[in-house]
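Some notes on the structure that comes next.
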Amino acid sequence: MSRSVKGVLGLKKLIIVESPTKARTISAFLGKEYLVLSSQGHVRDLPKKDLGVDIENDFTPKFETKRTKQVKLLRDAAKGAQAIYLATDHDREGEAIAYDLYTILKRVVPDESAFSRPVFNEITKRVILEALKSPSQIDLNKVEAQRTRRILDRLVGYQVSPLLSRIIAGSKYEGLSAGRVQSVALRFLCDREAEIASFVPKEYWEISVELSDSGTFVASLTKKDGKKFVVRSAGEAEAVEAELRAARIAVKAVEEKERLRQPPPPFITSSMQQAASSTLGFSPKRTMRVAQELYEGVALPDGTTGLITYMRTDSVRMSDEAIGQARKLIERNFGKEYLAEKPRRYRNKKRSQDAHEAIRPTDPARTPETVAPYLSPDQRKLYTLIYNRFLATQMAPAVYRQRKVIVQAGDYTLEAAGSTLVFPGFLKLFPEPKKKDEQEIPSGLRQGEALKLVGIKKVQKFTEPPRRYSEAGLVNLLEKEGVGRPSTYASIISVIQERGYAVKERGS
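For what it's worth, the working numbering labels the leading residue of the sequence shown as 425, then goes sequentially.
And the structure:
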């Protein structure tokens with residue numbers, strides 16, 4: 425805190441946010457007429473040692489004030505302030521904190537007109553100043569939504585956990601708990617485990633044939649007599665091989681087409697967690713911690729500022745200004761051919777709240793290279809991931825030339841396919857290694873042309889059970905099934921591991 429609360433009576437404006445880091449960043453943007461303080465999180469909650477919900481009286485919650493020392497500090501500061509800005513996060517939790525602060529502080533500042541609710545999606549000087557100029561009011565619908573979820577969490581956890589303890593008393597699982605959301609996530613894991621346990625593998629054989637003309641290529645057996653065909657035994661595989669060796673093999677058809685691969689939408693919370701898990705090896709909890717740091721502010725030579733927009737969002741919407749900045753950068757750094765023909769805008773899913781923009785850089789001019797010296801290794805990796813994903817949304821699609829050859833060998837149909845990257849487009853930012861089984865199909869093949877058999881390969885395989893969920897996969901399922909919210913995915917996955925319900929295996 426840059427200025428003490430002492431002497432606050434001479435200050436005109438008090439701003440309250442949730443975290444000390446956020447408070448320091450915002451304070452650096454403003455003049456001496458502002459005092460920026462932190463609530464250090466929620467200031468009211470249900471009691472720890474009591475249900476705290478009056479079931480007989482419309483499920484009325486009984487909230488208690490917590491962080492009494494910090495609340496006293498805020499009260500003292502509020503007494504002499506002409507204006508009080510409740511600048512907590514613009515989501516359900518932030519709205520509830522703002523409402524609780526209002527409820528507590530209006531006892532010492534009875535003038536309701538002194539309170540206002542600035543909302544913002546990024547912590548930069550320009551956006552903060554704009555938010556202070558045109559504040560709104562507390563959204564009571566969001567407050568009630570948060571209250572309802574909190575009450576449901578308490579009813580399920582407080583009521584079911586003791587029951588669970590009684591049922592499994594004396595076992596090694598004694599002392600475990602249940603929860604409204606964590607129990608559903610655990611059910612997903614249990615259902616998948618049951619699928620794996622009941623799975624019966626079935627034998628099958630893959631048969632591939634190496635053929636030659638002007639060049640060699642490998643075709644896989646797909647059909648017999650025009651119908652999908654699966655080889656189920658070694659004897660059947662031997663018989664198929666004999667028939668293939670005796671058959672005349674010729675090109676039945678050659679198909680060529682151009683395929684466009686479009687860039688993915690900008691990050692929302694769930695897709696950021698999944699991408700960070702699969703590409704960086706970050707857990708959802710680690711991803712959200714680093715994203716919070718990037719959002720709340722990083723010290724740069726020109727001052728501390730937030731590098732990304734709010735990281736708890738389910739919206740792929742981006743501002744016209746951000747889209748325009750991205751397009752200018754792409755044309756300048758890569759050339760016009762890498763720029764999408766027109767600004768690309770993505771549609772939100774039906775259940776999206778759309779309270780925030782997608783996760784993107786606050787200033788695209790701050791490239792990963794220019795800010796890297798001021799970031800921790802984790803911050804640098806995640807910022808690069810977010811930055812490139814954002815920039816890619818306005819880049820041209822990647823262009824592939826696909827060639828597919830259909831081969832007839834007696835009663836059997838074989839197919840070979842290959843693709844060549846003609847123009848990288850947005851993949852310029854995400855170079856992909858060539859796949860081991862990727863092949864170039866000779867360009868001179870013509871319909872009816874006879875082919876020479878070079879060799880036949882038979883491989884015994886067995887069908888595999890469904891794979892266990894990775895952390896990224898579980899986040900994807902939670903989002904798909906509407907379980908939890910962007911703000912809770914990471915905590916759900918952490919809780920079921922911390923309590924021993926699930927174990928993360930290496931590589932998952």
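Using N, Cα and C, we set each Cβ at its ideal position, and we do this for glycine too. Note that the structure is predicted; figures quoted are calculated from it, not measured.
Span separating the alpha-carbon of residue i from that of residue j
i: residue 752; j: residue 441; result: 34 Å
i: residue 705; j: residue 921; result: 17 Å
i: residue 833; j: residue 651; result: 14 Å
i: residue 846; j: residue 686; result: 14 Å
i: residue 558; j: residue 590; result: 54 Å
i: residue 476; j: residue 773; result: 36 Å
i: residue 825; j: residue 739; result: 33 Å
i: residue 928; j: residue 694; result: 19 Å
i: residue 896; j: residue 697; result: 7 Å
i: residue 842; j: residue 831; result: 14 Å
i: residue 902; j: residue 468; result: 28 Å
i: residue 746; j: residue 788; result: 8 Å
i: residue 868; j: residue 749; result: 45 Å
i: residue 526; j: residue 451; result: 21 Å
i: residue 518; j: residue 466; result: 9 Å
i: residue 563; j: residue 509; result: 14 Å
i: residue 588; j: residue 718; result: 40 Å
i: residue 701; j: residue 767; result: 29 Å
i: residue 716; j: residue 464; result: 14 Å
i: residue 515; j: residue 761; result: 39 Å
i: residue 553; j: residue 449; result: 13 Å
i: residue 871; j: residue 679; result: 10 Å
i: residue 585; j: residue 577; result: 11 Å
i: residue 765; j: residue 699; result: 27 Å
i: residue 925; j: residue 914; result: 15 Å
i: residue 807; j: residue 743; result: 19 Å
i: residue 852; j: residue 836; result: 41 Å
Identity of the residues DSSP links to residue i by a beta bridge
i: residue 832; result: 674, 837
i: residue 842; result: 827
i: residue 439; result: 460, 509
i: residue 488; result: 469
i: residue 640; result: 636
i: residue 539; result: 508
i: residue 454; result: Per DSSP, none; premise fails for residue 454.
i: residue 850; result: Answer is none; residue 850 lacks a bridge partner.
i: residue 628; result: 885
Residue i burial status per 10 Å Cβ neighbour count (16 or more: buried)
i: residue 605; result: buried
i: residue 757; result: exposed
i: residue 884; result: exposed
i: residue 545; result: buried
i: residue 503; result: exposed
i: residue 862; result: exposed
i: residue 426; result: Since pLDDT at residue 426 reaches only 38, below the 50 mark, its modelled position is unreliable, and no value is offered.
i: residue 541; result: buried
i: residue 730; result: buried
i: residue 505; result: buried
i: residue 462; result: buried
i: residue 492; result: exposed
i: residue 556; result: buried
i: residue 904; result: exposed
i: residue 574; result: buried
i: residue 917; result: buried
i: residue 496; result: exposed
i: residue 438; result: buried
i: residue 754; result: buried
i: residue 906; result: exposed
i: residue 592; result: exposed
Counting beta carbon pairs with one atom in the segment 611-622 and one in the segment 887-905, are three or more of them shorter than 8 Å? yes
State whether the segment 809-823 contacts the segment 783-797, with contact taken as three or more CB pairs (one from each stretch) at a distance under 8 Å. yes
Which parts of the segment 712-761 are runs of the alpha helix (DSSP H), unbroken and 4 residues or longer, counting only runs that do not cross its ends? 744-758
With a cut-off of 8 Å, do at least 3 Cβ pairs link the segment 707-725 to the segment 789-798? yes
Between the segment 630-647 and the segment 869-883, do three or more beta carbon pairs fall short of 8 Å? yes
Suppose only complete runs of 4+ residues qualify. What are the alpha helix (DSSP H) ranges in the segment 557-617, listed by chain order? 564-591
Just checking, does the segment 561-572 make contact with the segment 515-533 on the three C-beta pairs under 8 Å criterion? yes
Is it true that the segment 680-698 meets the segment 652-665, where meeting means three or more beta-carbon pairs spaced less than 8 Å apart? no
Inter-stretch contact (C-beta, 8 Å, three-pair minimum) for the segment 906-925 and the segment 705-719: yes
Suppose only complete runs of 4+ residues qualify. What are the alpha helix (DSSP H) ranges in the segment 865-917, listed by chain order? 895-905
Give the list of continuous beta strand (DSSP E) stretches no shorter than 3 residues that lie fully inside the segment 684-710. none
Taking contact to mean 3 or more Cβ pairs, one atom from each stretch, closer than 8 Å, check whether the segment 443-460 and the segment 478-497 are in contact. no
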